[in-house]
Structure formats: structure tokens, C-alpha cells
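Colleague: The structure's right below; bear with me while I get my questions together.
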Amino acid sequence: MKTTLAVDLGGTKLAAALIRGNEIIEKHQVETQSSDNSDVLRGALRDLLIPLSDRADNVAVASTGIIDNGVLTALNPDNLGGLNRFPIQTVISDLTGLPTQVINDAQAAAWAEFQAYNAHYSNLAFITVSTGVGAGLVLDGKLKTGARGVAGHAGHMLADPWGSRCGCGRTGCVEVIASGTAMGRAGVPFFGVETTGRDVYTHYLAGSEDAAVIVTRSASTIAQLIADLTILLDLDAVVLGGSVGLAEGYLQLVKDALSLLPTVYQPELLPALSGADAGLIGVSLWAGTETK
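For the sequence shown, counting from 1, position 68 maps to 68 in our numbering; every step adds exactly one.
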């Protein structure tokens with residue numbers, strides 16, 4: 001059986017794992033170093049991948065940002081150091097000497113969740129709420145990446161036309177309201193300048209009314225995003241993941257907000273089953289189908 005070196009490049013972590021079938025044999029993870037200097041990312045990839053590459057047959061990469069023919073562009077530069085047109089497929093192929101495929105990390109996670117739920121839902125969206133907000137789409141049982149790799153970047157759909165400016169350059173994106181980064185920013189006036197999204201959520205769980213307003217607004221914004229995607233794509237189910245999406249009580253907050261809408265806007269709302277390894281598992285499974 002083929003062994004895949006799966007890579008997950010996100011806004012906060014860079015992970016690599018050897019995967020055979022659905023089994024993770026070995027996994028390593030480091031913090032993503034945010035920098036405009038592409039050599040920083042090249043160095044991190046080299047250090048992480050070279051020790052594993054001699055035991056792999058191919059490389060499959062799930063990366064944040066837009067992946068257009070193997071080239072990475074960070075749609076929101078705030079999440080990945082402003083990398084512009086980084087040739088991630090070529091860089092990794094040259095480093096490892098192995099055939100390499102690349103898709104967006106939320107797209108990969110969508111495929112992982114589609115498989116985790118035994119392909120029961122032909123039309124499914126995966127939404128991750130974490131450093132940013134992203135999504136992946138499986139429609140008619142097929143993963144949709146788009147001709148330019150843009151499909152599923154639902155975190156940059158409009159949530160508030162009078163809202164704050166997003167790092168992507170647009171005003172009022174879902175991500176600028178609902179993400180962990182946005183929650184941390186909203187918490188600064190109440191909890192101090194070093195406040196993170198995790199801090200806000202901790203305060204929320206401890207009963208802070210100020211934190212509750214921030215977290216509830218995030219969940220309500222995600223509920224509206226789910227409604228928009230459902231009415232546009234006729235979804236059967238939406239799977240919620242990410243560090244915020246899977247945080248204690250968050251899914252129920254989204255369900256509560258969604259329940260206030262007409263039933264036509266309410267798909268089945270499910271928790272992600274693949275956890276933090278969704279990108280790794282999903283991209284490995286996807287690469288297997290793409291090479292058959």
C-alpha cells in the first residue's frame with residue numbers, strides 16, 4: 001500500500017505525517033512562522049519534510065490560502081505573512097524529489113469529513129472557524145476546488161457591509177467578525193492588549209458577559225453563513241470544525257442561532273469527526289482518488 005507524506009500548512013501550525021490508508025503512522029508539527037520572506041517557509045518545510053520523505057511514495061499538501069495550479073496566494077495576508085505567489089508545489093517537489101499535489105486546507109478537510117460520514121451526504125459543506133474562517137464544498141459527491149482554486153473561500157463572503165476592513169481588502173467579511181483572530185481583537189477593550197481568541201473563549205466559559213457578546217456574535221455570523229450556503233447550494237449537511245468551531249458549546253450556539261431561521265435555511269449541522277488531522281487525512285485521501 002502506498003505511503004503518502006501529507007502536509008498541512010495553516011495560519012498557526014505546519015504539520016506533516018506519513019499516512020498509509022487512513023492510518024497516521026508518524027506525525028510532526030511546528031508553529032507556522034509568519035513572515036513576508038518566503039525563505040522562512042522554505043526552511044521550515046525543509047526541516048519538517050526531509051526526515052520523512054525517504055519513507056513516502058508521494059506528497060499531498062493541504063494549505064491555507066488560494067491554491068492556483070500549485071501556487072499559493074494568501075487571500076488574507078494577515079493569516080500567513082503576506083506570501084504572494086509562493087510556488088508551494090514546485091518547492092516541495094524539489095525538496096523531496098516526490099510527485100506532489102496541493103489543494104486548500106478547508107477543501108481537504110471537507111473531503112475528510114465527507115468520507116468520515118461514510119459519504120452519506122452528497123451535498124456537504126465543511127466550515128472551519130479557527131485563525132480564520134474557511135470552507136470546503138462537496139457537491140454531488142465530488143470535491144469542488146474551482147478552476148483557480150477559489151471554491152469554498154466562504155470566510156470572505158459578506159457578513160456586514162458596514163463592518164471592519166478584512167485583511168483580504170474587502171469590508172465586512174465573515175472572517176473579520178467570526179474568526180478566533182477577530183474575537184481576540186474584539187476582546188482587547190475588555191481583557192487587555194494581548195488578548196487572543198482563546199482568551200476570550202476562556203472568559204466566556206467562565207461567565208463573562210462581555211465575552212459572551214463576542215462569542216455569540218461569532219456563532220450568529222456563522223449561522224447566517226450556513227444559511228447563505230444552504231439556500232445557494234441546497235446543502236444536505238454542514239460540518240463545523242476548527243479550534244473555535246469545536247470549542248466547548250460553540251456548535252450549540254450556532255445551532256441555536258440557526259434554529260431562529262426558517263427551516264429551508266437549516267441543513268443538518270454536524271461536528272467534525274477528523275479533528276485537528278482533518279487536513280492531513282483529507283488531502284491524503286484526495287490524492288489517492290486523483291491518482292487512480
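Beta carbons are placed, not taken as given, at the ideal position from N, Cα and C, and that holds for glycine.
Determine which residues share a DSSP beta bridge with H28 and list them.
Modeller: Residue mapping note: residue 28 aligns to position 28 of the sequence shown, counting from 1. Its beta-bridge partners are A16.
Colleague: Does the Cβ-Cβ distance between T64 and G11 come in under 8 Å?
Modeller: In the sequence shown, the residue the question calls residue 64 occupies position 64. In the sequence shown, the residue the question calls residue 11 occupies position 11. Going by C-beta atoms, T64 is nearer than 8 Å to G11.
Colleague: Would you mind listing the beta strand (DSSP E) stretches within the region 71-119 that are 3+ residues and don't spill past its ends, in chain order?
Modeller: 71-73 and 100-104
Colleague: Answer with buried or exposed for T230, where buried requires no fewer than 16 other C-beta atoms within 10 angstroms of its C-beta.
Modeller: Translated into positions along the sequence shown, residue 230 becomes position 230. Buried, since its Cβ has 16 or more Cβ neighbours within 10 Å.
Colleague: Out of R217, A276, D39 and E175, point me to the one whose CA is closest to A257's CA.
Modeller: Position 257 of the sequence shown, counted from the start, is the residue given in the question as residue 257. Of R217, A276, D39 and E175, the residue nearest in Cα terms is R217.
Colleague: Using only the alpha-carbon positions, how far apart do V30 and T263 sit?
Modeller: Counting from one through the sequence shown, the residue named residue 30 turns up at place 30. Counting from one through the sequence shown, the residue named residue 263 turns up at place 263. Looking at the two C-alpha atoms, the distance is approximately 43 Å.
Colleague: Could you check the C-alpha separation between G141 and N118 for me, to the nearest Å?
Modeller: Numbered from 1 along the sequence shown, position 141 holds the residue referred to as residue 141. Numbered from 1 along the sequence shown, position 118 holds the residue referred to as residue 118. Distance between the alpha carbons of G141 and N118: 11 Å.
Colleague: Using the beta-carbon count (16 or more within 10 Å), is T291 buried or exposed?
Modeller: The residue labelled residue 291 in the question sits at position 291 within the sequence shown. Because the pLDDT of T291 is 46, which lies under 50, any placement of that residue in the model is unreliable, and the number read from its coordinates should be weighed accordingly. Classification of T291: exposed, given that the 10 Å Cβ count is below 16.
Colleague: Taking I214 as the reference, which of G169, L158 and A186 has the closest Cα?
Modeller: Against the sequence shown, residue 214 aligns to sequence position 214. Nearest C-alpha to I214 among G169, L158 and A186: A186.
Colleague: Could you pull out every residue in the same chain whose Cβ sits closer than 7 Å to the Cβ of A112, ignoring the five residues on either side in sequence?
Modeller: Reading the sequence shown from its first residue, position 112 is the one you call residue 112. Excluding positions up to five away in sequence, the list reads S274, A278, I281, G282 and L285.
Colleague: To the nearest angstrom, how far is the alpha carbon of W162 from that of I222?
Modeller: To locate residue 162, count along the sequence shown from 1; it is residue 162. To locate residue 222, count along the sequence shown from 1; it is residue 222. The straight-line gap from Cα to Cα measures roughly 17 Å.
Colleague: With distance defined between alpha-carbon atoms, name the residue in R46, C166 and T196 nearest to V244.
Modeller: Indexing the sequence shown from 1 puts residue 244 at position 244. Cα-wise, what sits closest to V244 is T196.
Colleague: Enumerate in chain order the residues of its own chain whose CB-to-CB distance from D6 is below 6 Å, with the five nearest sequence positions on each side excluded.
Modeller: Residue mapping note: residue 6 aligns to position 6 of the sequence shown, counting from 1. In the sequence under discussion, the amino acid at residue 6 is Ala, which differs from the Asp named in the question. If we look at A6 and ignore the five residues flanking it on each side, its Cβ neighbours are A17, I19, A60, L280, V283 and S284.
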